[in-house]
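Numbering (my numbering), first residue to last: 1 to 455. Virtual Cβ for every residue (Gly too), placed ideally from N, Cα, C. Below is one structure; the comments refer to it alone.
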């Protein structure tokens, strides 16, 4: 064979291939096992996929990475997506005519036989604009560890005062109870793990003119779910819990456990309790949960009624709020079904509604089109979310105080989000950063102009 570069490379490749095959040769017994594995493993994987059957458009419920269904008119075509460099489209789902829909209020018109709740509703009817304070607060969130760290807490207090911020959100209950609660069931289960002295925290906040908000995780409670399996959301096919993470908010043990904790929390002096993870999970097979969106809302409402009644019985004036998915303001009918968060229905029980309007949780290229919307992505996504919520809530829209994104941002990003809140006709917001780093927010607060009616 005449020499050529191609022939030499080809021979070298063949020799290398033969040597690798010889060196990696398996015994006949291992080859038999390998063949069996190659047949069995795909079957197992296929079976697992069939058993899960998670519906499209219902991804993981991670708070900073959710992707859910946008209305069709908010979804760009392929060329628009390419023009913005987006690589992560979402499933195209929409409601009828692409418009927001709300079920008739008559479906929820039954008067609850709770004296405390009735007293609350009577006061709501006569509430003046000057008394609607919770929704105008501007603040940050701290973990239980940060709250219990005196140096960190004082640092944030100082920055809040300098930046004309008015509120502090801090964790009081998650997997454990983070303050000294005398709740019998929580103590019996060993779930009271104090990280700070809550009366002291509230006093320090009030001395600085700050509004104290207790963040209270409701449904995602793995400790209670494991220690009291009867509280778990049930799988209708097996009759057992669907997972050791989420609890049924209407379960009697769940209600009793939380009622005891809330009674102590209400008397601690906090200005507001913000209920987070007050929804149904999206990561499980929805048919196994076996509940419609309305039935899920019934279960959540049982919890809200209980909480409202405690506040009214104690007479402490504690405000109640709940955090909700931003996507409900874009396409309510589809996203309501898995979540059970009927915000218009729940508005009667709470003083604040906080959609988690984090731009990072919206899929790139599917909600924002720079060719169509001559504003920044951060501004548009927050503004559009709040406009959708205003349409859903109607006369209760004044209760809106969104969460905005304090992670993966700079000061300009923060200004865009805050300006979107103000332009939507609202005054308040709370900033979420799981690492509690708020330098961009504090810088932004020195540059943004707060509307006069919001001061």
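Note down the Cα distance separating residue i from residue j, rounded to an integer number of angstroms.
i, j, result
"residue 443", "residue 223", "39 Å"
"residue 186", "residue 257", "7 Å"
"residue 324", "residue 157", "27 Å"
"residue 357", "residue 402", "6 Å"
"residue 456", "residue 164", "This structure cannot speak to residue 456, because the chain is shown only from 1 to 455."
"residue 234", "residue 242", "5 Å"
"residue 364", "residue 313", "47 Å"
"residue 227", "residue 189", "7 Å"
"residue 248", "residue 448", "42 Å"
"residue 330", "residue 354", "15 Å"
"residue 398", "residue 238", "44 Å"
"residue 240", "residue 333", "29 Å"
"residue 371", "residue 382", "18 Å"
"residue 245", "residue 277", "12 Å"
"residue 393", "residue 206", "31 Å"
So, are the CB atoms of residue i and residue j less than 8 Å apart?
i, j, result
"residue 153", "residue 147", "yes"
"residue 328", "residue 279", "no"
"residue 178", "residue 194", "yes"
"residue 302", "residue 250", "yes"
"residue 337", "residue 406", "no"
"residue 326", "residue 379", "no"
"residue 231", "residue 271", "no"
"residue 360", "residue 386", "no"
Identify, in the order they occur along the chain, each residue of the same chain with its Cβ nearer than 7 Å to the Cβ of residue i, setting aside the five sequence neighbours on each side.
i, result
"residue 376", "416"
"residue 167", "137, 138, 139, 210, 211, 213 and 430"
"residue 307", "262 and 320"
"residue 267", "314 and 316"
"residue 297", "340, 342 and 345"
"residue 310", "259, 262, 263 and 266"
Could you check how far apart the C-beta atoms of residue i and residue j are, in whole angstroms? I think they sit under 8 Å.
i, j, result
"residue 351", "residue 321", "6 Å"
"residue 183", "residue 260", "4 Å"
"residue 408", "residue 159", "With a Cβ gap of about 20 Å, residue 408 and residue 159 do not count as contacting."
"residue 290", "residue 201", "The pair is not a contact, with the Cβ atoms about 42 Å apart (cut-off 8 Å)."
"residue 215", "residue 171", "5 Å"
Residues in the same chain with beta-carbon distance under 8 Å from residue i, minus the five sequence neighbours each way, listed in chain order, please.
i, result
"residue 436", "140, 141, 142, 143, 146, 152 and 156"
With DSSP as the reference, identify every bridge partner of residue i, one or two as the case may be.
i, result
"residue 324", "355"
"residue 272", "213 and 319"
"residue 173", "177 and 216"
"residue 202", "Paired residue(s): none; residue 202 is not in a bridge."
"residue 138", "429"
"residue 191", "In the DSSP output, where bridge partners are listed per residue, residue 191 has none listed."
"residue 260", "Beta-bridge pairing links residue 260 to no other residue."
"residue 404", "431"
"residue 484", "There is no way to answer for residue 484, as the model of the chain reaches only from 1 to 455."
Keeping to the same chain, check which residues put their C-beta closer than 6 Å to that of residue i; ignore five residues upstream and five downstream.
i, result
"residue 426", "400"
"residue 411", "440, 443 and 444"
"residue 174", "217"
"residue 349", "304 and 308"
"residue 60", "Because the pLDDT of residue 60 is 31, which lies under 50, any placement of that residue in the model is unreliable, and the number read from its coordinates should be weighed accordingly. Once the five neighbours on either side are set aside, the close Cβ partners of residue 60 are 283."
"residue 180", "194"
"residue 414", "440, 441 and 444"
"residue 255", "306"
"residue 275", "216, 218 and 322"
"residue 396", "347"
Is there a C-beta anywhere in chain C that falls below 8 Å from the one on residue i?
i, result
"residue 315", "Absent here is chain C; the protein component of the structure consists of one chain."
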